[in-house]
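If you count the sequence shown from 1, position 144 lands on 148 in the working numbering, and the numbers rise without skipping. Inspection log for the structure reproduced underneath, given as structure tokens.
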Amino acid sequence: MSARLRPLFDGMPTPVECLAILTGLAEVTVFGLGAFANTIEYAKGYGLPSNTDDEKDQQTPKEKALVSAVAARNLQHGVLVLALACYARDRRALGLAFATGLVTSAADIITVRTYGVQDLIWGHVFGALNFAGLAAGLLYWQATDPWW
């Protein structure tokens with residue numbers, strides 16, 4: 005039964021490439037454009053704002069600049085992932101892009117641990133594990149492997 009369906013899926017990307025495309029879409033929409041649209045909520049993931057309760061929902065220009073820089077970084081990485089996954093279809097380059105995302109996530113973990121709220125580290129750890137798994141899957145397994 006599966007032998008008859010195999011030609012149907014020959015043009016489709018492998019599951020790890022599909023997950024890479026979904027991650028790229030999430031980086032563009034949720035972590036890029038979403039951060040630009042709602043900087044106050046996105047900043048809470050980094051332990052910002054550090055304002056008191058009477059100044060609730062207000063950010064300093066420095067905090068807005070920080071969140072905008074992080075959003076631009078995420079948007080750039082998401083567009084890079086989508087270009088490599090959908091246009092170039094180069095697994096090794098896509099794996100290296102996710103490996104660089106692992107470095108960025110590690111820097112986020114260190115930043116939040118040092119300057120932010122300790123409880124928020126786990127979201128960044130999850131992102132780092134996601135990048136590590138995708139990088140390993142794309143760099144180690146080839147599309148011609150029997151159980152990609």
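Just so you know, even glycine gets a beta-carbon here, dropped at the ideal spot from N, CA and C.
- Between the C-alpha atoms of Gln62 and Gly49 there is a straight-line separation of about 16 Å.
- Annotation: Cys22 to His81 spans about 16 Å, alpha carbon to alpha carbon.
- By the criterion of at least three beta-carbon pairs nearer than 8 Å, the region 97-106 is in contact with the region 125-142.
- The alpha-carbon of Trp145 is positioned some 11 Å away from that of Pro19.
- Contact between Val32 and Leu86 holds, since their C-beta atoms are separated by about 7 Å, short of 8 Å.
- Sixteen is the threshold: since fewer than 16 other Cβ atoms of the shown chains lie within 10 Å of the Cβ of Leu133, the residue is exposed.
- For Leu52, there is no enclosing alpha helix (DSSP H), as DSSP marks it with neither H nor E.
- Burial check for Gly120: the Cβ neighbour count within 10 Å reaches 16 or more, so the residue is buried.
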